[in-house]
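The structure appears right after this line, and notes come after that.
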Amino acid sequence: MAGDTVITIVGNATSDPELRFTPSGAAVAKFTVASTPRTFDRQTNEWKDAPTLFLPVTVWRQQAENVAGSVVKGMRLVIQGRLTQRSYEDREGAKRTVFELEADEVAPSLHSATAAVTKTAGGGRGAYESARREQGAVSAEDPWSSSTPGAHGAGGQGGGSWGGGGGEEPPF
């Protein structure tokens, strides 16, 4: 990762993600995000839109499947990843350069929306957490498994809520 250009972009999906699979079976989802910076012009006392940036986004493996099942056209997203540059020659022989965002994280923006998050089976750190549970390092009760919105679960450390503090409020 050293030397990578990591960026965060907030914008809207211009289409539903397209999910495909490589010959080896790895999932890859592609879509484009459009981001339009807005600035306030004090002279005219109004908001002005700068030119829109359209950036292709690529997401891999389990996250690609999650993105394909969650993101829809028009959804406002926060995406963090590595900006990459690729050069190629088109059919007419002209040299072209494109910039793409290989996403590490894709999330809905909660600026003007709400979201209900559902943990996928086997996704993310599933194998890591399973191994730690087998060693007794993590409670077998998964706080993400509750279907009740806003439930914190009683899992984790200390046998109580929020890390053993005893109360229902977080320790901050």
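According to the numbering used here, the sequence shown is numbered sequentially starting from -16. Don't be surprised by glycine CBs; every beta carbon is placed ideally from N, CA and C.
Between F23 and E29, the alpha-carbon positions lie close to 6 angstroms from each other.
Contact between L60 and S92 holds, since their C-beta atoms are separated by about 6 angstroms, short of 8 angstroms. In the displayed model, V(-7) falls within a strand according to three-state DSSP. For A90, the enclosing beta strand (DSSP E) stretches over residues 78 to 91. Less than 8 angstroms separates the beta-carbon of I(-8) from that of S18.
Beta-bridge annotation (DSSP): D24 is paired with E29.
Exclusion of the five residues before and after T35 leaves A17, S18, T19 as the residues of its chain whose Cβ lies within less than 8 angstroms of its Cβ. Excluding its 5 nearest sequence neighbours in each direction, A98 has C-beta neighbours in its own chain below 6 angstroms: P91, listed in chain order.
P39 is bridged by DSSP to T15. Annotated three-state conformation of R74 is coil, per DSSP.
In terms of CA proximity to R79, R69 leads the group E88, D87, A86, R69.
Annotated as distal: T27 and A86, with beta-carbon spacing of 8 angstroms or more. Looking at the DSSP output, A10 sits in a beta bridge with F4. Between V54 and V89, the CB-CB gap stays under 8 angstroms.
R44 and A77 have their C-alpha atoms roughly 33 angstroms apart. It is roughly 19 angstroms from the alpha-carbon of A12 to the alpha-carbon of T101.
The beta-bridge partner set that DSSP reports for G64 consists of I(-10), A86. T(-12) and G64 have their C-alpha atoms spaced approximately 8 angstroms apart.
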